[in-house]
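Colleague: Structure below; questions to follow.
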Amino acid sequence: MAPNRGSSSKGSAGKPSGVSKGKPSTLSSGSRVSKSSAKVKRPPPKEMKSKARTAPENLKKKKTREYTEKELDLPALNMITPVGVVKPKGKKKGKTFVDDQESMMTILAMVNAEKEGQIESKLMKARQMEEIREAKRKEAEARQQEKKSKLEETKDSLRRKKRKSNDDMPSKRSESAETNGTKSKGKRKSVSFA
């Protein structure tokens with residue numbers, strides 16, 4: 001007889017391996033990795049021994065070669081060194097200056113002249129400033145005198161105008177008093193203290 005395709009119970013019971021196929025597939029990938037690593041044998045790791053820094057081999061410094069200036073062909077620097085300051089080879093620099101009084105005096109005279117020139121220039125500037133200040137003071141005084149003279153002239157002109165008006169006013173007052181007569185006397189009030 002031919003097998004029935006429609007019966008699901010027979011197929012599920014008859015094929016237990018189909019259910020198990022799903023699980024072994026996931027396990028097979030994991031088992032493959034573990035098997036492959038188990039098959040390949042590696043040598044055991046060796047311990048690397050590092051030498052301490054304080055070991056005598058590391059403490060020893062290698063002697064480096066020092067090159068001289070002639071070997072390096074370095075250009076000489078532009079330095080001015082007095083005769084007595086030249087450093088002898090292999091000895092300390094000894095600062096013994098040349099006993100040349102004339103050259104020392106000329107240098108001293110030049111420095112003093114520069115200082116005196118600076119002082120003189122300061123004195124000249126101070127004098128010029130004083131002259132400028134005096135000129136400004138004189139100008140200010142002249143301006144004040146001009147203002148005072150103008151004020152006096154205006155005062156005099158005002159006084160002249162007042163005098164002219166005052167000279168004219170008394171004649172007018174006398175005329176007005178004559179016209180008013182008794183009325184002006186009645187308007188005056190006198191106060192007597194007892």
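Read in UniProt numbering, the sequence shown has 44 at position 44, and its numbers run on one by one without any break. We put the CB at the ideal spot given by N, CA and C, even for glycine.
1) When you compare only the Cα positions, how much space is there between S25 and K41?
2) When the Cα atoms are used, what is the spatial distance from P56 to Y67?
3) What is the rounded straight-line gap between the Cα of A142 and the Cα of E131?
4) Can you tell which of L77, K62, K138 has the C-alpha that lies nearest to the C-alpha of E69?
5) Helix, strand or coil: how does DSSP classify P45 here?
6) Apart from the five residues on each side of it in sequence, which residues of its chain come closer than 8 Å, Cβ to Cβ, to D100?
7) On the DSSP letters alone, give me the boundaries of the alpha helix (DSSP H) that L72 sits inside.
8) For K136 and K125, what's the separation of their Cα atoms in angstroms?
Modeller: If we stick to the structure as given:
1) Working through the sequence shown from its first residue, we reach residue 25 at position 25. Working through the sequence shown from its first residue, we reach residue 41 at position 41. Residue placement at S25 is flagged as unreliable, the pLDDT there being 49, under the threshold of 50; a coordinate-derived value is accordingly withheld.
2) Mapped onto the sequence shown, residue 56 falls at position 56. Mapped onto the sequence shown, residue 67 falls at position 67. Using only the alpha carbons, I get a separation of about 28 Å.
3) The sequence position of residue 142 within the sequence shown is 142, counting from 1. The sequence position of residue 131 within the sequence shown is 131, counting from 1. Looking at the two C-alpha atoms, the distance is approximately 17 Å.
4) Here residue 69 refers to the residue found at position 69 when the sequence shown is read from its first residue. Of the candidates L77, K62, K138, the one whose C-alpha sits nearest the C-alpha of E69 is L77.
5) Within the sequence shown, residue 45 is the residue found at index 45, counting from 1. Note: P45 maps to coil in three-state DSSP.
6) In the sequence shown, counting from the first residue as 1, residue 100 sits at position 100. Answer for D100: no residue qualifies.
7) Here residue 72 corresponds to residue number 72 of the sequence shown, with the count starting at 1. 69-72 is the span of the alpha helix (DSSP H), which, as asked, contains L72.
8) Position 136 of the sequence shown holds residue 136. Position 125 of the sequence shown holds residue 125. Their Cα atoms are separated by approximately 16 Å.
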